[in-house]
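*Asks:* Numbering (my numbering), first residue to last: 3 to 101.
1) Which same chain residues end up closer than 6 angstroms to residue 26 when comparing Cβ atoms and leaving out the 5 residues on each side of it in sequence?
2) Candidates 49, 45 and 80: which alpha carbon is nearest residue 64's?
3) Return the chain-ordered list of same chain residues with a C-beta closer than 8 angstroms to the C-beta of residue 67, the five sequence neighbours on each side being excluded.
4) Counting only the same chain and skipping the five closest in sequence on each side, list residues whose C-beta sits under 8 angstroms from that of residue 43.
5) Please classify residue 3: does DSSP put it in a helix, a strand, or coil?
6) On the CB-based measure, 16 or more other CB atoms within 10 Å of its CB, does residue 74 come out buried or exposed?
7) With a CB to CB cut of under 8 angstroms and the five nearest residues on each side skipped, what residues in its chain are close to residue 91?
See the structure below:
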């Protein structure tokens, strides 16, 4: 392992997982595990029936977090703005050449 990496343990669905991560990512990794735990608790409250398997709950959590991630990616997509700036720059350069 990298010298920069170290082992942490996070708990998800009442199971401990050991992860080798960079020290700079520790807070993010712990927040991610906490977010998963919180979402799992929400789904357990929505579906208190003990017949719902934890794997199904984790699948729902995964789906919800993936949807949120994709929505954020769409919001942060700067390609349309970059393309418009390039277009406007080209138009401005053509206008200034004609002057």
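Ideal Cβ positions, reconstructed from N, Cα and C, are used throughout, including at glycine.
What you are looking at is a predicted structure, and each value in this text was computed from that prediction instead of being measured.
*Replies:* Looking at the coordinates:
1) none
2) 45
3) 37, 38 and 41
4) none
5) Interpretation of residue 3 is limited by its pLDDT of 48, a score under 50 that renders its predicted location unreliable; the figure taken from the coordinates is listed afterwards. Of the three classes helix, strand and coil, the one that applies to residue 3 here is coil, per DSSP.
6) exposed
7) none
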